[in-house]
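The next block holds one structure in the form of structure tokens; read it before the comments.
Number of protein chains: 2
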Amino acid sequence: MAGNKRHINQLVEFERPLTTVDIAIFTVRDQALKVLLVQRPAGAEDPFPAQWALPGGFIDTAKDEDLEGCARRKLKEKTGVETPYLEQLGSWGNAQRDPRGWSATHVYFALIPSEAIVLKAGANSADSRWFPVMEERNGEKLAFDHAELLRAAVSRLRSKVEYTSLPVFLMPAEFTLAELQQTYEIILGRRLEKKSFRTRMASADLFDAVPRMKSGPNRPAQLYRLKRRRPLHIFPRPFGSAES
Amino acid sequence: MAGNKRHINQLVEFERPLTTVDIAIFTVRDQALKVLLVQRPAGAEDPFPAQWALPGGFIDTAKDEDLEGCARRKLKEKTGVETPYLEQLGSWGNAQRDPRGWSATHVYFALIPSEAIVLKAGANSADSRWFPVMEERNGEKLAFDHAELLRAAVSRLRSKVEYTSLPVFLMPAEFTLAELQQTYEIILGRRLEKKSFRTRMASADLFDAVPRMKSGPNRPAQLYRLKRRRPLHIFPRPFGSAES
DNA sequence: TAAATAGTGTCTATGAGACACTATCAG
DNA sequence: CTGATAGTGTCTCATAGACACTATTTA
């Protein structure tokens, strides 16, 4: 009755919000956590001209099967590679975030090993570049509410790094335990205890030792390779759980 | 140039997906975890007529400030109360989930103490009812992909209950530690050790003892009340972290 | 008294932190 | 040899689990 009618009407009555997908793509290079940003076109007819933003854009209902497919498509367009890790962060939507109208964005975050990446000029971006993730530094001037999205992404990343094996997705095919520990430390912004770190990793059984060592001006280090089809490992306790 | 032009065009070119907000509202009553479902109208002009679904619906860009506001509005409409806990679960969107077209839904989950609730007949729902959350039981026949959304919500709820104080939001104003432990156990579907449980709660400093006891045919139990403005507490270790 | 539930004491096991120690390379 | 980094041994501490014990009520 009234209920049914109204439901049908909604499709006509209610304005559909603008719908986008944005992605925070992280890598670790030059001893720093970096995020990929793209510069918006300079024309004044676009919102936030020439400002930096997270890569993303409108869903193409003709091409995109689902939200994650849309994220993967955009990610591939920007970085040229399939990402080893993609996770949904959440969604943000309100009347103000886009001057063109009520809009909602579905946000993903991805981790990509530094060497894998070949940046491509995006169709919609004059330029794309890796920016170091510093606390609230450049974040202030990002387009839309992307400073907030980026903050949420970094926060989620850091908190998951405390109790998971996430950083392995940032490593090259072969790496040493010291290099992996460094990656953890760069993301978390603090030093970790070597012994606890190695005990954790050993217990997770994530790697195979390759019969090769990484040489340097000192004792060589064992090289490891991620085991096949290993899902994200959850450690039984987070780092720092022994603090008072 | 091409980039700018295309960006503008997208607003015209690209079909906007249908956008909804759905909510998994949980409570614990009659010794079971229950979720609120609403029955869809029976008219054949609506998708999934007469089937049960999570409460939710289209965003009203005129009334809803943001996604969370939309969720709170719908929640209030159904339950008649403000929820003490609301969290975004994620978003689901693809071409198939709604026969009317490419659609995306932003999903929230809420916890409400059982006594607080006064169910209201929703404008769009012939009926609404509390269903026990049994593994995959009734889930099969929910409208849209709501069985999957519900599974994700229950999964998120259970996993957070392992290391947070979430269940306190399901308790009445005054409760005993044994009652709180029961609530944990009902959600998790397993028994917890009394001593560890109480040690955890004591260390979190979440409650004030009220100068009153809960009487019964046995030793009376201390009643507690949640302290003011206590955010969700995160315990340093999850339950079960000592398992091999 | 018994039955029942509230609440505590105390031992073990796990794994993090601290940190000193040994190992192995280039010069 | 020294310097540097890889990797281990071992002690302490916090907290979960197990489980027996005591405490306090009603009937």
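Those protein sequence lines, which keep their order, are chains A and B. First residue of the first sequence? That's 1 in the numbering used here, and the numbers climb one at a time after it. First residue of the second sequence? That's 245 in the numbering used here, and the numbers climb one at a time after it. Just so it is clear, CB atoms sit at the ideal spot from N, CA and C, and this is done for glycine as well.
- When the five nearest sequence neighbours on each side are left out, the beta carbons in the same chain lying within less than 8 Å of the beta carbon of A:LEU223 are those of GLU174, PHE175, THR176, ALA209, VAL210, ARG212, MET213 and LYS214, in order along the chain.
- With a threshold of 7 Å between beta carbons, A:GLN88 makes contact with chain B.
- Listed along the chain, the chain B residues whose CB falls inside 7 Å of the CB of A:THR79 amount to none; the nearest CB is some 18 Å away.
- Against A:ARG237, the close residues of chain B are PRO480, ARG481, PRO482 and SER485, in the order they occur along the chain (beta-carbon pairs closer than 9 Å).
- The DSSP-derived three-state label of B:LEU414 is helix.
- DSSP, read as helix, strand or coil, puts A:LYS214 in strand.
- In this structure the region 335-355 of chain B does not touch the region 426-434 of chain B; the number of beta carbon pairs closer than 8 Å is below three.
- Taking CB atoms only, A:GLU15 has a neighbour in chain B less than 7 Å away.
- In the DSSP assignment, A:TYR184 falls within the unbroken alpha helix (DSSP H) covering 177-188.
- Proximity of the region 60-73 of chain A to the region 157-172 of chain A falls short of the contact definition, fewer than three beta-carbon pairs being nearer than 8 Å.
- For B:GLU326, the closest C-alpha among the options B:GLU392, B:PRO357, B:GLU437 and B:SER347 is that of B:PRO357.
- Contact between the region 223-233 of chain A and the region 257-264 of chain B is absent: fewer than 3 CB-CB pairs across the two stretches fall below 8 Å.
- Contacts with chain B at 7 Å (Cβ-Cβ) do not include A:ASP205.
- DSSP, read as helix, strand or coil, puts A:HIS233 in coil.
- One finds nothing in chain B with a Cβ atom closer than 8 Å to the Cβ of A:ASP30; even the nearest lies about 29 Å away.
- In summary, the residues of the region 295-320 of chain B whose CB is separated from some CB of chain A by less than 7 Å are PHE302, ILE303, ASP304, THR305, GLU309, ASP310 and LEU311, in the order they occur in the chain.
- Taking the CA atoms as reference points, B:THR271 sits about 9 Å from B:ALA354.
- Between the beta-carbon of A:VAL133 and that of A:LEU33 there is about 5 Å, and that keeps the pair under the 8 Å contact cut.
- Annotation: Cβ neighbours of A:THR19 in chain B (cutoff 7 Å, chain order): ARG260, PRO261, THR263 and ALA348.
- The beta carbon of B:PHE441 is closer than 6 Å to those of GLN425 in its chain, skipping five residues each way along the sequence.
- At a cut-off of 7 Å, the C-beta of B:SER335 has a neighbouring C-beta in chain A.
- For the 7 Å CB-CB criterion, B:VAL351 and B:LEU393 form a contact.
- Within the region 92-134 of chain A, the runs of beta strand (DSSP E) that reach at least 3 residues and sit entirely inside it are, in chain order, 103-111 and 127-132.
- Contact between A:SER103 and A:GLY93 holds, since their C-beta atoms are separated by about 6 Å, short of 8 Å.
- Taking the Cα positions, A:ALA53 is about 26 Å away from A:MET171.
- Contacts between A:ALA110 and chain B, judged by CB atoms closer than 8 Å, are missing: the closest CB pair is about 16 Å apart.
- Taking 7 Å as the threshold, the shortest C-beta distance from A:ASN218 to chain B does not fall below it.
- Between A:LYS74 and A:PRO55, the gap from beta carbon to beta carbon is short of 7 Å.
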